[in-house]
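Numbering (UniProt numbering), first residue to last: 1 to 375. C-beta: ideal position from N, C-alpha, C; glycine also.
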C-alpha cells in the first residue's frame, strides 16, 4: 500500500464500519486511539497496547516539541522508531494544549506565542510550524492547526475562533504539501452553534482534506449538548472520508458517537483512570480503592480476558493500589484499554451484522445493573 485510503464496508443506521489503509497498516473503524502523550501510553509497553487491539496511537505535538524536541526525534529515526511502535500514529496539531495555556500565550493571526509549562521558555506555533513539527515526527495522520475556545463562549467568540481556524486550515493545507502515504485532517469548529458548524464544514470541504475531525466538543458542554451537535455535524462532512471526534471519551460517549456516524475517537481516560484506581467494565465504573474489594477474590469482570482479570483478584488490585505499587496502574490501564477496544470490536461486528441497535440496548442495560454485589 503506497497511499492513504478509506473504505466503507457496512452501515447500520448512521453508524459505519470500514478500514483506513496506510503504508504502516490498516485501521479498523470505528477505532479508538489510545493517547501516547510524550511518546508512550503511560504504564504500557507498545506491544501491550497492540495486544489490547489498538491499530493506531495518538501523539501530542505540543509535548513532543517541548521535550525531547521534534528535531531530535527526527534525527533518531522518527516517532515510530523512537517509541517502538511500527503501526500508524496520528499527531494532534498542538493547538488544543496551547489554547489551554490562556495565561501563558498570545494569540495573533500569524499564530500563538506561548511559554512552556516545562521550563518557561518561549515558543511560537503557527499552521506552518505545526505542519513542520508533525513532518519531523513522521506521523501518518497530521491534524490541521486550529483554535479551540473553551465553552461556554458567546456566539461572537465562537464565530471568531472558527473563522480563524478556517484561515489556519487553508494555511495548514498549503504547508502540508504533497506527502504520499501521509494524510492531513481538517478540524470543524463552531462550538454548539449549528450555523457556525455548517459554515466551518463548508469551508473545510472547499479546501479539501483526507479526513475530517469534529473539534471543540467534550470541553465542558455536557454529553447531551455534545450528542446534539453530532446529530447533525457528521452529516455535514463527506461520507467517503473518515470522521474523527477529538478527545472523546467515556464508554457511553463513544457508543453515542458511533451511532451518529463517527469513525475515530481518542481520549486519555482509560489510562488516566487506570493510574488513579478506576476500572471501566461492562457494569460501569469500579473504584478499586474502596474497602469493599479488600477481601474479594473475584476478578474485576468475570467475562474479561485481559491480564488483570484472568490473573488477579480485586483484593490484589486493591492491595497494590493502596501500597503504591506500579503494577496497579499497569494492570488497570491494560484492563481499561482492553475494555475500550472490546467495545469497538463488538460495535464493528454489530454494524456489519446490522444488529447495532440491539447491541446498544444490551450495553446500556448491563451498565444500568451496576457492579456485582459485595461478598
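Check                                                                                                                                                                       : Outcome
Taking residue 351 as part of the alpha helix (DSSP H), name the residues at either end of that continuous run.                                                             : 326-353
Could you tell me the alpha carbon to alpha carbon distance between residue 1 and residue 88, rounded to whole angstroms?                                                   : With a pLDDT of only 39 at residue 1, under the threshold of 50, the placement of this residue in the model should not be trusted, and no figure is reported.
Tell me the residue span of the beta strand (DSSP E) that contains residue 185.                                                                                             : 183-188
DSSP three-state call for residue 277: helix, strand or coil?                                                                                                               : coil
Leaving out the 5 sequence neighbours to the left and right, which residues in its chain are closer than 8 angstroms to residue 41 when beta-carbon positions are compared? : 34, 35, 49, 57, 271, 333, 337
Assign residue 147 to buried or exposed, taking buried as 16 or more other Cβ atoms, counted over all protein chains shown, within 10 Å of its Cβ.                          : buried
Rounded to whole angstroms, how far is the Cβ of residue 140 from the Cβ of residue 183, which I believe are closer than 8 angstroms?                                       : 7 angstroms
CA-CA distance, residue 31 and residue 163?                                                                                                                                 : 29 angstroms
Could you say if the segment 125-143 and the segment 192-204 meet the contact criterion of at least three C-beta pairs nearer than 8 angstroms?                             : no
If you count every other CB in all the chains shown that lies within 10 Å of the CB of residue 282, and 16 or more means buried, which is it?                               : buried
Could you check if residue 348 is buried or exposed, using at least 16 other CB atoms within 10 Å of its CB as the buried criterion?                                        : buried
Have a look at the DSSP bridge pairing and note the partners of residue 89.                                                                                                 : 57
Note down, in chain order, each residue of its chain lying with its Cβ closer than 8 angstroms to the Cβ of residue 106, except the 5 sequence neighbours on either side.   : 112, 113, 114
State the start and end residues of the unbroken beta strand (DSSP E) segment that holds residue 265.                                                                       : 264-267
Within the chosen definition, does the segment 123-133 reach the segment 164-181 through at least 3 CB pairs nearer than 8 angstroms?                                       : yes
Rounded to the nearest angstrom, what separates residue 247 and residue 217 at their Cα positions?                                                                          : 8 angstroms
May I ask you to report which of helix, strand or coil DSSP gives residue 176?                                                                                              : helix
With residue 364 as the anchor, note down where its beta strand (DSSP E) starts and where it stops.                                                                         : Taken as a continuous stretch (DSSP letters only), residue 364 belongs to no beta strand (DSSP E), being part of the alpha helix (DSSP H) at 356-369.
Can you give the Cα-Cα distance for residue 316 and residue 251, rounded to whole angstroms?                                                                                : 25 angstroms
Given a cut-off of 8 angstroms on the beta-carbon distance, is the pair residue 214 and residue 243 in contact?                                                             : yes
Return the first residue and the last residue of the beta strand (DSSP E) that residue 244 is part of.                                                                      : 243-245
Where does residue 31 fall in DSSP's three states?                                                                                                                          : strand
Locate the beta strand (DSSP E) running through residue 12, then write down its first and last residues.                                                                    : 5-12
In whole angstroms, give me the CA-to-CA distance for residue 13 and residue 341.                                                                                           : 22 angstroms
My assumption, with CB atoms under 8 angstroms, is that residue 117 sits in contact with residue 137. Please give the rounded CB distance.                                  : At roughly 19 angstroms, the Cβ-Cβ gap does not stay under 8 angstroms, so residue 117 and residue 137 are not in contact.
Restricting to Cα atoms, I'd like to know which of 64, 95, 93 is closest to residue 82.                                                                                     : 64
Would residue 189 and residue 233 qualify as a contact pair, given that the criterion is a beta-carbon distance under 8 angstroms?                                          : no
Would you call residue 293 buried or exposed, if buried means 16 or more other Cβ atoms sit within 10 Å of its Cβ?                                                          : buried
Taking DSSP as the reference, what is the three-state secondary structure of residue 98?                                                                                    : helix
Whole angstroms is fine: what's the gap from residue 149's alpha carbon to residue 165's?                                                                                   : 11 angstroms
Over what stretch of residues does the beta strand (DSSP E) that includes residue 212 continue unbroken?                                                                    : 211-214
Terminal residues of the continuous alpha helix (DSSP H) containing residue 44?                                                                                             : Taken as a continuous stretch (DSSP letters only), residue 44 belongs to no alpha helix (DSSP H), as it is neither H nor E.
If you check the beta carbons only, do residue 351 and residue 51 fall under 8 angstroms apart?                                                                             : no
In this structure, does DSSP put residue 154 in helix, strand or coil?                                                                                                      : coil
Can you give me the Cβ contacts of residue 330 inside the same chain, cut-off strictly under 6 angstroms, excluding the 5 residues immediately before and after it?         : 43
From what residue to what residue does the beta strand (DSSP E) around residue 320 run?                                                                                     : Where residue 320 is concerned, there is no enclosing beta strand (DSSP E), although the alpha helix (DSSP H) it sits in stretches over 314-322.
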